[in-house]
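Enquirer: 0 is the number of the first residue of the first sequence in numbering that gives the first Met the number 0; add one for each residue after it. Cβ coordinates follow ideal geometry from the N, Cα and C atoms, glycine included.
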Amino acid sequence: MRALRDRPTALERWPSGVREGMRLATGPQDSKADAFYQKRVPKGAPDYLETATVTFPSGRTADEICPTEIAVPVWCAHMGTITFHPWPVRRSDDPTSLDRPDELRIDLDPQPGTTFSDAVRVAGVARELLEELGLRGYPKTSGNRGVHIYVRIEPRWEFTDLRHAAIGFGRALEQRDDQVTTAWWKEERGERIFVDYNQNNRDRTIASAYSLRPRPGAPVSTPLTWSGLAEVTDPRDLNLVTVPERLASEGDPWTTIDDESFSLEPLLELWETLPGGELNFPPDYPKMPGEPPRVQPSKKVAEHWDDEGNRIG
DNA sequence: GACGCAG
DNA sequence: CTGCGTCAACGCCTT
DNA sequence: AAGGCG
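And the structure:
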């Protein structure tokens, strides 16, 4: 509930279990898959289940599950839910709350040739940078090889601002540590840790804290203290069995995440200051009515821009 | 996993 | 009542 | 319509 309460949440359902060779649907019409994302509330939902109507970048809407009590995720589990995907917003009396994120999510994704340990080291650098900016971040394992850092923010900014903040932070981190990349195109990333700032777009979610992942051994996206993170050698050791034991015996390191919330301004300042950020792809969306067509720096064109965003040739 | 429909 | 088919995500962009 | 990105 610490991760899901009042948050519009999509489900990742594996109703026939998780076994070798099973596949997650790549799209809504992928009939041969064994698992699928579910955004809209399914028929037959219990009456205690609350929902929130979220708006996608296209302007379409969907009624999503919005857990308010533990029975809701339990029911989802009965439906074969393995992983929960909450939005970075919380339903409240404020009618704008679904458009005002309360959570900045820093997604550190090890690229081929790098490891979880590399991500942990970069996470430490990210922590230092956050501290210098007056922000407190809470780390967790992704459940795979990555690390996620969450920053609780005041719900005063739009998704576009959230994304800009993430780009600003990513570029600052990239500038500070040459094992970090924010390159959108895979072939430009190198053997580095990819800061996936696009996870802060509207309609983009990350596997929640405490969620199982559909992988051998049932690894868990595990909340940790910073010192706890540094001691993890293999994130697969944090699993269905060990994590509940840890949380029971040592307590939950995320209990204080709601005690304070921060301004996005320091990060927006980075976005405005650091060059090249506005050239990153994809651009902000949704495209507003009347907005001129977008010019993507195509892969070919993109190679003509250097790290500072200056045109080459 | 659950629903709707044909049998 | 049983069996079977069907359904269960989103979207931006370029080629 | 398919491919690239998550």
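1. From the DSSP secondary-structure annotation, give me the bridge partner or partners of Asn238.
2. I need the straight-line Cα distance from Arg22 to Arg175, nearest angstrom please.
3. The alpha helix (DSSP H) with Pro109 in it runs from where to where?
4. As a quick exercise: from Arg151, Gly112, Leu267, Ala2, pick the residue whose alpha carbon is nearest that of Gly189.
5. When the Cα of Phe35 is compared with those of Ser15, Ala44, Thr52, which residue comes out closest?
6. Exposed or buried, Ile69, counting other C-beta atoms within 10 Å across all chains shown (16 or more means buried)?
7. Within this structure, are the beta carbons of Arg104 and Pro234 separated by less than 8 Å?
8. Within the same chain, show all residues whose beta-carbon is closer than 6 Å to that of Arg245, passing over the 5 residues directly before and after it, in chain order.
9. Is the beta carbon of Ile64 less than 8 Å from the beta carbon of Trp13?
10. Extract the residue ranges of the alpha helix (DSSP H) inside the stretch 90 to 164, only unbroken runs of 4 or more that lie entirely within it.
11. Looking at Asp106: is its Cβ nearer than 8 Å to the Cβ of Asp160?
12. Mind reading off the beta-carbon distance from Gly216 to Asn238? Whole number of angstroms is fine, and I expect it under 8 Å.
13. Please tell me whether Ala9 and Gln37 are closer than 8 Å, where the distance is taken between their beta carbons.
Expert: According to the structure shown:
1. Here residue 238 refers to the residue found at position 239 when the first sequence is read from its first residue. Beta-bridge pairing links Asn238 to Pro218.
2. Sequence index remark: in the first sequence, residue 22 carries index 23 (1-based). Sequence index remark: in the first sequence, residue 175 carries index 176 (1-based). Cα to Cα, the separation comes out at about 38 Å.
3. On the first sequence, position 110 is the one that residue 109 refers to. Here Pro109 belongs to no alpha helix (DSSP H); instead the beta strand (DSSP E) covers 102 to 109.
4. Residue 189 sits at position 190 when you count from the first residue of the first sequence. Looking at the Cα atoms, Gly112 is the closest of the given residues.
5. For the purposes of this step, residue 35 is taken as the residue at position 36 of the first sequence. When each option's Cα is compared against that of Phe35, the closest is Ser15.
6. Residue mapping note: residue 69 aligns to position 70 of the first sequence, counting from 1. With fewer than 16 other Cβ atoms within 10 Å, it is exposed.
7. Against the first sequence, residue 104 aligns to sequence position 105. Against the first sequence, residue 234 aligns to sequence position 235. Not a contact, by the Cβ cut-off of 8 Å.
8. In the first sequence, counting from the first residue as 1, residue 245 sits at position 246. Cβ within range, chain order: n/a, list empty.
9. On the first sequence, residue 64 is found 65 positions in, with the first residue counted as 1. On the first sequence, residue 13 is found 14 positions in, with the first residue counted as 1. Not a contact, by the Cβ cut-off of 8 Å.
10. Taken in chain order, the complete alpha helix (DSSP H) segments of 4 or more residues contained in the stretch 90 to 164 are 115 to 131.
11. Within the first sequence, the letter at position 107 stands for residue 106. Within the first sequence, the letter at position 161 stands for residue 160. Their beta carbons are not under 8 Å apart, which means Asp106 does not touch Asp160 by this criterion.
12. Taking the first sequence and counting its residues from 1, one reaches residue 216 at position 217. Taking the first sequence and counting its residues from 1, one reaches residue 238 at position 239. With a Cβ gap of about 5 Å, Gly216 and Asn238 count as contacting.
13. Position 10 of the first sequence, counted from the first residue, corresponds to residue 9. Position 38 of the first sequence, counted from the first residue, corresponds to residue 37. Cβ atoms of Ala9 and Gln37: closer than 8 Å.
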